[in-house]
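One structure below.
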Amino acid sequence: MKKHAEDQLLKVNQDTEGIKQEYETNLTRLQASLRISELQVKSLESQLQQKTRENEELTKICDELLNDDEEEENDNVESEGVIDEDIYPYTYT
């Protein structure tokens, strides 16, 4: 009877040790997976910041181009009907 109890205790201890090792293996795997995910998040955040800066820069360039185009159109409208004497020196003299 004592031998049987000792064998049962040994088996329970071995099972417990196996479960503990499996737990530690899974924990290590999950920690590594978490670390990889954290690095991916940091990389994506960095990419987002870069794209945001690029978008702001492109928006600024577009706004400048639109403003330049509007100013050019306004200049053309203001000069419509006015005869440039350098181009047409003998007109209406």
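Mapping the sequence shown onto the UniProt record's numbering, position 34 (from 1) lands on 34, and the numbers just tick up by one. Positions of the beta carbon are idealized from the N, C-alpha and C atoms, including for glycine. Bear in mind that the values here come from a model prediction, so they are computed numbers and not experimental data.
Look at the alpha carbon of residue i and the alpha carbon of residue j, and state the distance between them as a whole number of angstroms.
{"i": "Glu24", "j": "Leu34", "result": "15 Å"}
{"i": "Val41", "j": "Gln47", "result": "10 Å"}
{"i": "Glu22", "j": "Lys11", "result": "16 Å"}
{"i": "Leu27", "j": "Met1", "result": "39 Å"}
{"i": "Lys51", "j": "Glu71", "result": "30 Å"}
{"i": "Cys62", "j": "Asp68", "result": "10 Å"}
{"i": "Glu73", "j": "Leu66", "result": "10 Å"}
{"i": "Glu6", "j": "Glu45", "result": "57 Å"}
{"i": "Thr59", "j": "Gln49", "result": "15 Å"}
Using a Cβ-Cβ cutoff of less than 7 Å, which residues in the same chain neighbour residue i once the five nearest sequence positions on both sides are dropped?
{"i": "Leu39", "result": "none"}
Report yes if the C-beta of residue i is less than 7 Å from at least one heavy atom of the ligand MG; otherwise report no.
{"i": "Glu17", "result": "Within the structure as shown, the ligand MG is missing, as the structure has no ligands at all."}
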